[in-house]
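Below is one structure, written out as structure tokens; comments come after it.
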Amino acid sequence: MSPRVGPYGLLSHERIIAAAIEVADEAGLEAMTMKRVAARLGAGAMSLYRHVSDKEELIGNMVDQVTGEYAYPDPSGLSWREAMHVLARQDWDAFLAHPWMLTATTTVTPPFGTASLSAMEWALSALDEVGLSPDAAARMIMTINNYVQGSARVVLGDRRAEAEDDPGLAWKQRLHDVELKDFPHLSRLIAHPVPARERDWFEGGLDVILDGVQARHNASPDTAGITRSHEPIDTRTTES
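The sequence shown begins at 1 in full-length UniProt numbering and counts up by one.
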């Protein structure tokens, strides 16, 4: 039997993944069904199962494909803090470009693909100079991942604001006209003038996490080559 050829060409594992990503980008992960992907390719749904065993495997392949597209660069010359900023920036860009990744990365089960494993290895190796135990390094990376994902969810969930806007400022604006006499701390917060921001809110939040790691493990610039990254992270979304 010859390979199935739809109106868009020869059906292949790579084309199935690409079509699935397109569908998920447009309609979300829940709407990404084998039937819908097959329709995008001009093929029958059953023909997809010659290349992927089920939807779960397909999602894993999709995650690995996007992870590879946003692969971390050569870490040579980067301090551990700079490496964590690079990690956060790449993941941030991936989540804003493909919002379904926020769900997929929390639901996909092992085995992970080569790109995903390479990303984990990169992150762990970047922390070697800090001298963390393997489990402490993993917890640090998980904390950063949770911060990036949470920040992306806030921005993607509030379409009224641009991604470079501080979500905290938007929150204060919403409370500005609310009666807060019974909430003195909130009242002082809302009345307090907003200081001029010298740095991007997302990057600043990440530095709070990294400062805690630095203090907890008594690392210093002289002994661990620790530096503070000042390159802002682009938190702007694009029109869909």
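All residues carry an ideal CB built from backbone N, CA and C; glycine is no exception. As the structure is a computational prediction, the values presented were derived from the model and not from experiment.
Continuous alpha helix (DSSP H) stretch holding residue i: start and end
| i | result |
| --- | --- |
| Leu58 | 55 to 69 |
| Gly212 | 201 to 216 |
| Lys181 | Run containing Lys181: none; DSSP gives neither H nor E here. |
| Arg40 | 34 to 41 |
| Asp25 | 13 to 27 |
| Leu48 | 45 to 48 |
Cβ-Cβ distance between residue i and residue j below 8 angstroms
| i | j | result |
| --- | --- | --- |
| Leu102 | Phe112 | no |
| Val23 | Ala31 | yes |
| Leu87 | Ala45 | no |
| Gln65 | Ile141 | no |
| Ser133 | Phe202 | no |
| Leu11 | Ala43 | yes |
| Ala97 | Leu29 | no |
| Ile190 | Leu175 | yes |
CB-CB length for residue i against residue j, believed under 8 angstroms
| i | j | result |
| --- | --- | --- |
| Ala126 | Ala71 | Between Ala71 and Ala126 the Cβ distance is about 13 angstroms, and since that is not below 8 angstroms, they are no contact. |
| Tyr147 | Gly205 | 7 angstroms |
| Ala119 | Met62 | With a Cβ gap of about 15 angstroms, Ala119 and Met62 do not count as contacting. |
| Leu108 | Ile144 | Sequence inspection shows Val at residue 108; the Leu mentioned does not correspond to that position. In fact, because the Cβ distance is near 19 angstroms, the residues do not count as touching under 8 angstroms. |
| Leu156 | Pro99 | 5 angstroms |
| Gly131 | His185 | Their Cβ separation, rounded to whole angstroms, is 39 angstroms, which puts Gly131 and His185 out of contact at 8 angstroms. |
Ordered list of alpha helix (DSSP H) runs contained in the stretch 89 to 171, each at least 4 residues: Runs found: 101 to 107, 114 to 126, 134 to 157.
Segment contact, 8 angstroms Cβ cut-off, at least three pairs: the stretch 36 to 55 with the stretch 81 to 94: With a cut-off of 8 angstroms, the stretch 81 to 94 and the stretch 36 to 55 do not count as touching, because too few Cβ pairs lie within range.
Inter-stretch contact at 8 angstroms, needing at least 3 Cβ pairs: the stretch 125 to 141 / the stretch 175 to 193: Output reads no: the stretch 175 to 193 does not touch the stretch 125 to 141.
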